[in-house]
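A.B. asks: Could you have a look at this structure, given as structure tokens, before my questions?
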Amino acid sequence: MRNITVSLLFCLLPFIHFSQTLNGKVYDTKSVLKNIKVINKTQNRMTITNADGDFKIEAKVQDSIIFQSLFYHQKTVVLKPSHFGSMAVFELKEILNELDEVEVKAEPEQPVFSEETYNIELKSIIQEDIKNHPEKYAPLGNNQGIDFVYLAKKLYNLIKSKKPKTETPTVITYKNFTSLIETSSFFNQELLTQSLKIPEAYNYLFLDYCASKQLSSELLKEENKMQLLEALVVNSQLFLILLEEYGEESLKQE
28 MRNITVSLLF
38 CLLPFIHFSQ
48 TLNGKVYDTK
58 SVLKNIKVIN
68 KTQNRMTITN
78 ADGDFKIEAK
88 VQDSIIFQSL
98 FYHQKTVVLK
108 PSHFGSMAVF
118 ELKEILNELD
128 EVEVKAEPEQ
138 PVFSEETYNI
148 ELKSIIQEDI
158 KNHPEKYAPL
168 GNNQGIDFVY
178 LAKKLYNLIK
188 SKKPKTETPT
198 VITYKNFTSL
208 IETSSFFNQE
218 LLTQSLKIPE
228 AYNYLFLDYC
238 ASKQLSSELL
248 KEENKMQLLE
258 ALVVNSQLFL
268 ILLEEYGEES
278 LKQE
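Following our numbering, the numbering of the sequence shown begins with 28 at its first residue and continues without gaps.
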């Protein structure tokens, strides 16, 4: 009886598939792709590609692997023995739409403050003003000479108005995110639940998570729309991985 059991086991061995580690690289026609969501649908596992487009995930022959990204067509691959033993390469096709036809205009150059040019212009302005309004520069009770107090004030006002102002950089707050989702026709609840795959019950927790990343408020400008979208895509993938592996508490601590 024991010999029969051992023989049966050896007969079944070729049909038994053990989980292995699938090592892969994802790219498009131009370069490798980072932050692509890689899902083992069969085993309910998920990871994302790194900056070099590489990923590792537990899998076995006949498992279904799904590649997802907001900017690329979804791809599903049923694993074969040839996918294991070396680096497996997967190509994704970019989604082409009306956004690709938008002409990207160069950002207008900001004026450079030149002290030498500024002083020449300032001197010219003052000389012209003295010529046109000599009464402004005359001291009180005197029809001759220059009122240096008045001149000093005028110089200060001119300098103050001419020098470029520096703004303190700000970040996108939770309030900014919620306001954006509730008022924008593009960044809305549908984007969160359908495109980014955030469960509806966790939408506002996701916005809180994004706020904790301290993204620059410059991304809220219309011209930076695609940069903000990319940031949300990356954070949504990380959010879903944390949510799946550690639950809601880990996201609050994050």
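Every residue, glycine too, gets a C-beta built ideally from N, C-alpha and C. From a predicted model like this one, the values you see are computed outputs, not experimental measurements.
Quick test of the definition: if touching needs 3 or more C-beta pairs under 8 angstroms, does the segment 227-246 touch the segment 61-79?
C.D. replies: Because the criterion of three Cβ pairs below 8 angstroms is not met, the segment 227-246 and the segment 61-79 do not touch.
A.B. asks: Can you tell me whether Asn230 is helix, strand or coil according to DSSP?
C.D. replies: What you label residue 230 is simply residue 203 of the sequence shown in a count that begins at 1. Helix at Asn230.
A.B. asks: Rounded to whole angstroms, what is the Cα-Cα separation between Asp90 and Leu246?
C.D. replies: The count along the sequence shown starts at 1 and reaches residue 90 at position 63. The count along the sequence shown starts at 1 and reaches residue 246 at position 219. In a straight line, the C-alpha of Asp90 is about 39 angstroms away from that of Leu246.
A.B. asks: For Ile63 versus Ile92, is the C-beta spacing smaller than 9 angstroms?
C.D. replies: Within the sequence shown, numbered from 1, the residue matching residue 63 stands at position 36. Within the sequence shown, numbered from 1, the residue matching residue 92 stands at position 65. Cβ distance not < 9 angstroms, so Ile63 and Ile92 don't count as in contact.
A.B. asks: Rounded C-beta distance between Ile84 and Thr69? I'm assuming under 8 angstroms.
C.D. replies: Translated into positions along the sequence shown, residue 84 becomes position 57. Translated into positions along the sequence shown, residue 69 becomes position 42. Rounded, the Cβ-Cβ distance is 11 angstroms, inconsistent with contact.
A.B. asks: Taking 9 angstroms as the cut-off, decide whether the C-beta atoms of Phe94 and Thr103 are in contact.
C.D. replies: The residue given as residue 94 occupies position 67 in the sequence shown. The residue given as residue 103 occupies position 76 in the sequence shown. Yes; because the gap between Cβ atoms is below 9 angstroms, this pair is in contact.
A.B. asks: Can you check DSSP and say which residues form a bridge with Lys102?
C.D. replies: Translated into positions along the sequence shown, residue 102 becomes position 75. Phe94, per the DSSP bridge assignment.
A.B. asks: Name the two residues that bound the continuous alpha helix (DSSP H) containing Lys202.
C.D. replies: Counting from one through the sequence shown, the residue named residue 202 turns up at place 175. Note, Lys202: alpha helix (DSSP H), 201-210.
A.B. asks: Just to check my reading of the structure: Leu106 and Leu49 have Cβ atoms closer than 8 angstroms, yes? What is that Cβ distance to the nearest angstrom?
C.D. replies: Locating residue 106 in the sequence shown gives position 79, where the first residue counts as 1. Locating residue 49 in the sequence shown gives position 22, where the first residue counts as 1. Confirmed, about 7 angstroms.
A.B. asks: What span of residues does the beta strand (DSSP E) with Glu85 cover, start to end?
C.D. replies: Position 58 of the sequence shown, counting from 1, holds the residue named residue 85. 81-86 is the extent of the beta strand (DSSP E) around Glu85.
A.B. asks: Would you report the Cα separation of Gly51 and Phe98, rounded to the nearest angstrom?
C.D. replies: Residue mapping note: residue 51 aligns to position 24 of the sequence shown, counting from 1. Residue mapping note: residue 98 aligns to position 71 of the sequence shown, counting from 1. Each residue's Cα considered, the two are about 20 angstroms apart.
A.B. asks: Once DSSP output is grouped into helix, strand and coil, what is the label at Met114?
C.D. replies: By 1-based counting over the sequence shown, the position of residue 114 is 87. It is coil, neither helix nor strand.
A.B. asks: Determine the burial state of Ala228: buried for a count of at least 16 other Cβ atoms within 10 Å of its Cβ, exposed for fewer.
C.D. replies: Translated into the one-based positions of the sequence shown, residue 228 becomes position 201. Exposed is the call here.
A.B. asks: Measuring CA to CA, which of Asn230, Ser113, Leu265, Ser212 is closest to Leu219?
C.D. replies: Along the sequence shown, one-based indexing puts residue 219 at 192. Considering only alpha carbons, the answer is Asn230.
A.B. asks: Using the Cα positions of Val88 and Ile199, report the straight-line distance between them to the nearest angstrom.
C.D. replies: The sequence position of residue 88 within the sequence shown is 61, counting from 1. The sequence position of residue 199 within the sequence shown is 172, counting from 1. Each residue's Cα considered, the two are about 45 angstroms apart.
A.B. asks: Just how far apart, CA to CA, sit Val53 and His100?
C.D. replies: The residue labelled residue 53 in the question sits at position 26 within the sequence shown. The residue labelled residue 100 in the question sits at position 73 within the sequence shown. Those two C-alpha atoms are separated by around 13 angstroms.
A.B. asks: Just the Cα atoms here: how many angstroms apart are Val260 and Ser109?
C.D. replies: To locate residue 260, count along the sequence shown from 1; it is residue 233. To locate residue 109, count along the sequence shown from 1; it is residue 82. So the alpha carbons of these two residues sit roughly 31 angstroms apart.
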